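Under the UniProt record's numbering, the first residue of the sequence shown carries the number 1, and numbering increases by one thereafter. All C-beta atoms in this analysis are idealised placements derived from N, C-alpha and C, irrespective of residue type, glycine included. Just so we're clear, the structure is a prediction, and the values are computed from it rather than from any experiment. Structure first, commentary second.
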Amino acid sequence: MANAVSTWNFDRTCTTDVYNAVVQRYTLSGFPVFPQDKNSILHWRIFVTCLTQDGRSSITVRLDMIPGADAGILTVASIQDDLFASSIAHVSEAAKGKTTVHELLKMLEQNGRNFYRFDDTGSGCLWWCRMVLGDLDRQALVSGGAVERFDAYHQEKNRGNPKRFPLPIARGTFYTIS
Numbered sequence: 001m002a003n004a005v006s007t008w009n010f011d012r013t014c015t016t017d018v019y020n021a022v023v024q025r026y027t028l029s030g031f032p033v034f035p036q037d038k039n040s041i042l043h044w045r046i047f048v049t050c051l052t053q054d055g056r057s058s059i060t061v062r063l064d065m066i067p068g069a070d071a072g073i074l075t076v077a078s079i080q081d082d083l084f085a086s087s088i089a090h091v092s093e094a095a096k097g098k099t100t101v102h103e104l105l106k107m108l109e110q111n112g113r114n115f116y117r118f119d120d121t122g123s124g125c126l127w128w129c130r131m132v133l134g135d136l137d138r139q140a141l142v143s144g145g146a147v148e149r150f151d152a153y154h155q156e157k158n159r160g161n162p163k164r165f166p167l168p169i170a171r172g173t174f175y176t177i178s
C-alpha cells in the first residue's frame with residue numbers, strides 16, 4: 001500500500017504564487033491515451049484556471065490522478081494556459097467564491113481525494129474527476145448541478161463514440177490510511 005507521502009506529487013512549478021492564486025474556473029479535460037486512434041479511451045484531468053493574488057497574471061494548475069504501482073498518484077503542476085486546449089473533450093465550471101489553490105488542495109485532502117486506486121484495468125480517472133466535481137458542487141464552489149451537467153455531456157458524447165466515452169464510467173476506489 002502506498003504511504004501518504006507518495007500519493008501526492010507536487011511539481012517544482014508550484015510556487016507560493018501558485019498556492020496563493022485564486023481559482024476562477026475548473027475544467028475537466030479528456031486526452032486520448034493513443035492520439036492516433038479515434039476510439040482511444042481518454043485520460044481525464046482537472047485544470048484549474050486562477051489569477052494571482054494581485055490579479056495581474058493567469059495561472060493554470062493541472063490536477064492529474066495517474067495510476068501508480070498500487071495506488072493513484074495525484075500530480076499537481078502549474079502549466080502554460082494553452083496546454084489543455086489540445087484535449088478532445090472538456091467541461092468547464094466557473095468558480096464561486098475566492099478559493100485559493102492551497103485551500104482547494106486542502107479540501108481534496110480533507111475529502112480523501114488524494115488516496116485512490118484505479119480499477120483492475122487501470123481505468124478510473126474520469127470517476128476521480130467526477131467525484132472532485134461533486135465535492136466542489138456540494139461545497140458551493142461551483143454552480144449547483146455541475147455533476148448533472150457533466151454527466152449529460154458524457155452521455156451525449158457516448159452516443160457519438162461509446163468506445164471513447166464508455167458507460168458506465170469505470171470506478172476506482174477511495175481509501176484511507178490508518
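Counting the other Cβ atoms within 10 Å of the Cβ of aspartate 64 gives 16 or more, which makes it buried. Minimum Cα-Cα distance from alanine 140 among the listed residues Met131, Ala71, Phe31, Gly97 corresponds to Gly97. The alpha-carbon separation between serine 40 and leucine 28 amounts to approximately 17 Å. In the structure shown, valine 61 adopts extended strand secondary structure according to DSSP, grouped into three states. In chain order, Arg45, Phe47, Ala77, Ile79 place their CB closer than 7 Å to the CB of arginine 62, counting only its own chain and leaving out the 5 sequence neighbours on each side. Residue state for alanine 146 is assigned as helix, using DSSP reduced to three classes. Assigned with DSSP and collapsed to three states, threonine 49 falls in strand. Nearest neighbour of histidine 43 by Cα position, chosen from Phe150, Arg149, Gly134, Gly124, turns out to be Gly124.
Look at the stretch 90 to 135 and you find these whole runs of alpha helix (DSSP H), each 4 residues long or longer: 101 to 110. Boundaries of the beta strand (DSSP E) harbouring valine 76: 72 to 79, taken from the DSSP string.
Among the bridge pairs identified by DSSP, histidine 43 is matched with Phe31.
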